[in-house]
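Quick note on this note's numbering: the sequence shown kicks off at 469 and runs consecutively. Beneath this line is the structure, given in structure tokens, with notes to follow.
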Amino acid sequence: MKKFRLTICVLALTLFFCASVYAQPLPGSYDSHNGDFNAGTWSETLISGAEGAAGNLIASGATEYLFEGAVLYSVTPLGFFSGVTPYYEYSTLYKGGRLTLSNNSSADWYNSEDMEDAYLINLGDT
Numbered sequence: 469m470k471k472f473r474l475t476i477c478v479l480a481l482t483l484f485f486c487a488s489v490y491a492q493p494l495p496g497s498y499d500s501h502n503g504d505f506n507a508g509t510w511s512e513t514l515i516s517g518a519e520g521a522a523g524n525l526i527a528s529g530a531t532e533y534l535f536e537g538a539v540l541y542s543v544t545p546l547g548f549f550s551g552v553t554p555y556y557e558y559s560t561l562y563k564g565g566r567l568t569l570s571n572n573s574s575a576d577w578y579n580s581e582d583m584e585d586a587y588l589i590n591l592g593d594t
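Shown next, in the form of structure tokens:
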């Protein structure tokens, strides 16, 4: 009987620790345009003296995430204001930064196996 109890105890502990190892944000691609998360606010610190210039610091965030410390590396225009596209489009390349994903139920990457916590991702040159 003691061996049976020990076996059950070891099995329970193994399941507990294995479940917590896999706790992480749910993998996938998320888009604020599709309502996957709130885009929140965006800011650019003008280190180089002009908007959209290389070297500026970029930050954005909302309840679900915080992106900060990224350095704007390059900006390429993709489209211009016209009757078809009433906005400007750019492809931007950033270097570095830190992305913090909050694990709350309003985010599509919410993982119920984790507690209300945050996932911190340090980004290299991306």
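Here a beta-carbon is modelled for each residue, glycine too, at the ideal position from N, C-alpha and C. The structure displayed is predicted, hence computed values, not measured ones.
Exercise for the section: Compute the distance between the beta-carbons of G565 and L540, then report whether it is under 8 Å. Expected result: In the sequence shown, counting from the first residue as 1, residue 565 sits at position 97. In the sequence shown, counting from the first residue as 1, residue 540 sits at position 72. Result no, Cβ atoms of G565 and L540 do not sit closer than 8 Å.
Exercise for the section: Tell me, please, which residues DSSP counts as bridged to S542. Expected result: Here residue 542 corresponds to residue number 74 of the sequence shown, with the count starting at 1. Note: S542 sits in a beta bridge opposite L561.
Problem - Proximal residues to T560 (C-beta, below 6 Å), its chain only, five neighbours per side dropped - result: Residue 560 sits at position 92 when you count from the first residue of the sequence shown. Only V543 meet the Cβ criterion.
Problem - Other residues of its chain near S580: CB distance less than 6 Å, five sequence neighbours each side excluded - result: Residue mapping note: residue 580 aligns to position 112 of the sequence shown, counting from 1. Within the same chain, S580 has no close Cβ partners at all.
Exercise for the section: Would you mind giving the Cβ-Cβ distance between Y587 and N571, rounded to the nearest angstrom? I have them listed as a contact below 8 Å. Expected result: As a working mapping, residue 587 is identified with position 119 in the sequence shown. As a working mapping, residue 571 is identified with position 103 in the sequence shown. The Cβ separation is near 7 Å, so the contact holds.
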